[in-house]
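To start, the structure itself, in structure tokens.
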Amino acid sequence: MLVVVVGPMFAGKTTELIRRVERQVIAGRRAIVFKPSLDARYDASKVAAHNGLKFDAYVVPPDETGVEAIYKLGFEYDVVAVDEIQFFPPSLAEVLDALASHRVVIAAGLNLDFRGEPFETTMRAMAYADKVVSLTAVCKTCGRPATRTQRLIDGRPAPRDSPRILIGGGETYEARCRRHHLVPK
Ligand SMILES: [Zn+2]
0 MLVVVVGPMF AGKTTELIRR VERQVIAGRR AIVFKPSLDA RYDASKVAAH NGLKFDAYVV
60 PPDETGVEAI YKLGFEYDVV AVDEIQFFPP SLAEVLDALA SHRVVIAAGL NLDFRGEPFE
120 TTMRAMAYAD KVVSLTAVCK TCGRPATRTQ RLIDGRPAPR DSPRILIGGG ETYEARCRRH
180 HLVPK
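Counting in numbering that gives the first Met the number 0, the sequence shown runs from 0 upward without gaps.
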């Protein structure tokens, strides 16, 4: 069983992933959650607990060694969750598909980059999914459902040619609807 949770930033994807993991933990299933190591918002604690529920949490590099670690470690658990899947190489999708034959697999990530173009890894994972949960945020401009992530540099929309992945730069992000999502040339 493979569930893929997608949407823009600020849509609650990680909250939804953890909610689904906790339901399994309550039922006595052993769960592990993987996160890519470049995501500095999280700590690298090995055991995470929320509401008194415990599950193992691993930070792995978002490359082929990380994908291999997810495959090997994943088989030791009943439930395998991977957050921020867009940072991993597309081969992660085949690993999620393989694990899903015998495990409950929950993956979450951005489906579109700041330009509004699909992330390959998320796209592939969605293709293998038994269920896709598509979440929306709220447009910062108009308050309607937001499906896009707006990147701002010094408060202005980032141009199309800025790098796809920026970590720890001076940029900020907002959720926007299709109409208010701006990508200048
Ligand atoms: Zn809007």
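Each residue gets a CB set at the ideal place from its N, CA and C atoms; glycine is no exception.
Fair warning: this is a prediction, and the values are worked out from it, not measured in the lab.
Notebook entry, point to check: To which residues of the same chain is residue 177 closer than 7 Å at the C-beta, ignoring the five residues directly before and after it?
Noted result: Excluding positions up to five away in sequence, the list reads 146, 147.
Checklist line | Assigned secondary structure, residue 184 (DSSP; H/G/I helix, E/B strand, else coil) | finding: Residue state for residue 184 is assigned as coil, using DSSP reduced to three classes.
Notebook entry, point to check: Does DSSP classify residue 86 as helix, strand or coil?
Noted result: Of the three classes helix, strand and coil, the one that applies to residue 86 here is helix, per DSSP.
Check: Which residues share a DSSP beta bridge with residue 129?
Finding: Bridge partners of residue 129: none, in fact.
Check: Helix, strand or coil: which one does DSSP assign to residue 12?
Finding: When secondary structure is reduced to three states using DSSP, residue 12 falls in the helix class.
Notebook entry, point to check: Going by C-alpha distance, which of 7, 68, 106, 27 is nearest residue 112?
Noted result: The shortest C-alpha separation from residue 112 is found at 7.
Next item on the list: Assign residue 101 to buried or exposed, taking buried as 16 or more other Cβ atoms, counted over all protein chains shown, within 10 Å of its Cβ.
Entry: With a threshold of 16 other beta carbon atoms within 10 Å, residue 101 falls short and is exposed.
Notebook entry, point to check: For ligand 1, is there a heavy atom less than 7 Å away from the beta-carbon of residue 150?
Noted result: No, ligand 1 has no heavy atom inside 7 Å of this Cβ.
Item checked: Contact test: residue 102 Cβ vs ligand 1 heavy atom, cutoff 7 Å -> Set against 7 Å, the gap from the CB of residue 102 to the closest heavy atom of ligand 1 is not smaller.
Notebook entry, point to check: In terms of residue numbering, what span does the alpha helix (DSSP H) encompassing residue 71 cover?
Noted result: Taken as a continuous stretch (DSSP letters only), the alpha helix (DSSP H) holding residue 71 covers 63-73.
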